[in-house]
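Scroll down for the structure; my scribbles are underneath it.
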Amino acid sequence: MKTKCLVCGELSEATALLCSHCGAPLPESAPASVVPHHPRHRQAFSRLARVAAAGIAAVIIVVVAVTLTSKNSLTPNSTLETMPNGMNSISAWNLSQLWKYEKLQPLWGNPIVKQYFGTAKSMAGIDVEALDSFVAGSRLTDQQFEVLYVVKGAFDATTLNGIIGTFCTSEIVVAQRRLKSCDLNSLVTQSTLPTSDDENGGKAGDEKVPEASITAIPEITAPISLGIVAVGVWDATTFVAGTPDMLEAYFTGGDAVGGNETLELLMKDADPTAFGWGGLQLNTVYTQLCDAFPMLVSFPKLEDGTLQFEMQLREVLGLRLILEVADVQTIKMMEPVIRIGLASAIKTANESLALTGQTDLLAAEIEVNETRFEVQFTLKIPALPAI
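What the sequence shown shows, in this note's numbering, is residues 50 to 436, in sequence order.
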């Protein structure tokens, strides 16, 4: 018995997980070892998940810092129409423009950079210069935090899925596609629970460690849960990671997508020519923000606010941030705090950027009205030397 590949149309052995011709996952029914997909199968949202999300955000910021605007394959309207219903946050990036920006051509021609790109393709199965777009989003319902990441480009399924399989050993079927699955909560449990035979961390027969010298591991508690996350190559041009419900809705479409009136209203004035853009309802992250920045507890109305951003590049790199809160007093109280913090951050950044031999590369303009706080950052990108 043979199984037909949905990507290339060739036949492979029925027992194969991947197409023997193109490497795409085969659309078989899930075997007994596959993790069942249940909409409410969730585990506690852990600190590891927060750290991972922060790491992903940091990588995105680094990539965005050297990008450009041109004719885009993603726009706010077209993206929102394809996103699952009830989204609380969304962002999109037209990565293909990165490779066309004139000022960066000397960088792409650098032999060392080319070597890194070649290594990524041969060892990880990612053709970096073929990356086209990136979409991310999240929603919070009944204390369930669900995420979605979709990257368009060119991927070698066999190589990339093999790497993913080293840390995600289980499988899951989503919309007839077989992906790897990870339970983030179980990863945290394995890394934090004692491995000893006694309560003090020693094995049987070992000398007991004095109680006063033991550092207690605080219990991880979370009001939000995030359990199974599916990861893998969807097809030769798409890499995905996210909650199974979200992925299934995104690729199935129909009534499961497009119901995002709140975000549509938030993004109605977004520039469709922007390289990157996004919006966020702060109620989904307010608790976590207060944990990181205790001073925000003084601004409870922030929980009902929204944050919007746009990334532009013409003569300079531009980033526009818009904080909107339907409370005049909150804006008045936050204004001096934000102004002082921005002034200090820009001064420090320009001192670091002065190492390039140029000064005052980063600047910011602030505009405030009763319920809206807008910051426009501009960064001059120095020409890179040819190598």
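Beta carbons: idealized from backbone N, C-alpha and C, even for Gly. All values derive from a computational prediction rather than experimental measurement.
Environment of Ser-393 [buried if 16+ CB atoms lie within 10 Å]: exposed
Thr-420 versus Met-132 - alpha carbon distance: 28 angstroms
Same chain, Cβ closer than 6 angstroms to Val-313, five either side skipped, listed in chain order: According to the sequence displayed, residue 313 carries Glu and not Val. Excluding sequence neighbours, Glu-313 sits near Leu-129.
Pair within 7 angstroms by beta-carbon distance, Ala-141 and Val-199: no
Straight-line gap, Leu-366 to Cys-68 (C-alpha atoms, nearest Å): 43 angstroms
Under the three-state DSSP convention, the category Ile-277 falls into: strand
Three-state secondary structure (DSSP) of Thr-456: The chain is shown from 50 up to 436; residue 456 falls before or after that span and cannot be answered.
Same chain, Cβ closer than 6 angstroms to Met-316, five either side skipped, listed in chain order: Pro-125, Gly-328
For Ala-394, the three-state DSSP class (helix, strand or coil): helix
Ile-221, buried or exposed, once every other Cβ within 10 Å from all chains shown has been counted against 16: buried
Candidates Arg-188, Gly-158, Lys-229, of which the one nearest Thr-311 by Cα: Arg-188
Selection from Pro-321, Lys-53, Ser-230 that minimises the alpha carbon distance to Ser-127: Pro-321
Pair within 7 angstroms by beta-carbon distance, Lys-229 and Ile-212: no
Three-state class that DSSP yields for Tyr-165 in the structure shown: helix
Start and end residues, beta strand (DSSP E) containing Leu-370: 366-373
Cβ separation of Ala-398 and Glu-359, assumed to be a contact under 8 angstroms, to the nearest whole Å: Actually they do not touch by this definition, with Cβ atoms about 20 angstroms apart.
Ser-69 - DSSP class collapsed to helix/strand/coil: coil
Beta-carbon proximity list for Asn-332, same chain, < 7 angstroms, skipping 5 on both sides: Glu-352, Asp-353
Helix, strand or coil at Ala-203 according to DSSP, with G and I counted as helix: coil
Assigned secondary structure, Ala-224 (DSSP; H/G/I helix, E/B strand, else coil): coil
Supposed close pair Ser-182, Leu-144 - CB separation, criterion 8 angstroms: 6 angstroms
Same chain only: Cβ atoms within 7 angstroms of Leu-338, ignoring 5 sequence neighbours per side: Leu-345
Lys-229 in three-state terms, based on DSSP: strand
Nearest-angstrom Cα separation, counted from Asp-409 out to Ala-403: 8 angstroms
Closest Cα partner of Ile-389 within the set Gly-167, Cys-217, Leu-368, Glu-414: Glu-414
For Asn-159 and Gly-303, the rounded distance between their alpha carbons: 46 angstroms
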